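Residue numbers (the working numbering): 44 to 221.
First up is the structure itself, then whatever we jot down about it.
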């Protein structure tokens, strides 16, 4: 068992749960099983609106064609970290947040960037980039997990600086490193 999987298992044993979204399965058009967590898909027939982290055990079959395609692509990523997503997204955020998300979406698998690098490219502060990362409505698809603190530290993830979701970030980075 990899260290990332051990961390996720340890948090599950202690009853830790992701907190980025309500666990009500009715709120999602599909839920994708991942190692130690779930990804909830919110979409209509035309655009993906949000991807959220959910506790292990939550399940919903896809309710429309786009939800099924989103599930297929998320599973493809979980099988192959180099999968390139091609989904219609409906980002809801400020113009600055959307610029940050565009920068993040351009980071290839197996690579990372520092919050400061993105901030310099956008003529803003690293903390503002971190806040935009925390507001990312499409984790995994817009890979905010590839953005690290200066010096290579993890920084935060999904508006958390520790706990379960930081373990998810570790797992995603380990998944992409091979």
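Ideal placement from N, C-alpha and C gives every residue a C-beta, glycine not left out.
None of these values were measured; they are calculated from a predicted model.
For residue 147, the secondary structure class from DSSP, reduced to helix, strand or coil, is helix. Contact between residue 179 and residue 172 does not hold, since their C-beta atoms are separated by about 11 Å, which reaches or exceeds 8 Å.
For residue 95, the pairing in a beta bridge is given by DSSP as 83. By the beta-carbon neighbour count (other beta carbons within 10 angstroms, threshold 16), residue 145 is exposed. For residue 75, no alpha helix (DSSP H) encloses it; the enclosing beta strand (DSSP E) starts and ends at 73-77. Residue 128 has its alpha-carbon roughly 15 Å from the corresponding atom of residue 86. If you ignore the 5 residues before and after residue 113, its C-beta comes within less than 7 Å of the C-beta of 73, 84, 86, 91 and 130, all in its own chain and listed in chain order.
Note that the C-beta distance between residue 155 and residue 197 is not below 8 Å.
Nearest neighbour of residue 194 by Cα position, chosen from 183, 157, 119 and 115, turns out to be 157. For residue 207, the enclosing alpha helix (DSSP H) covers residues 207-220.
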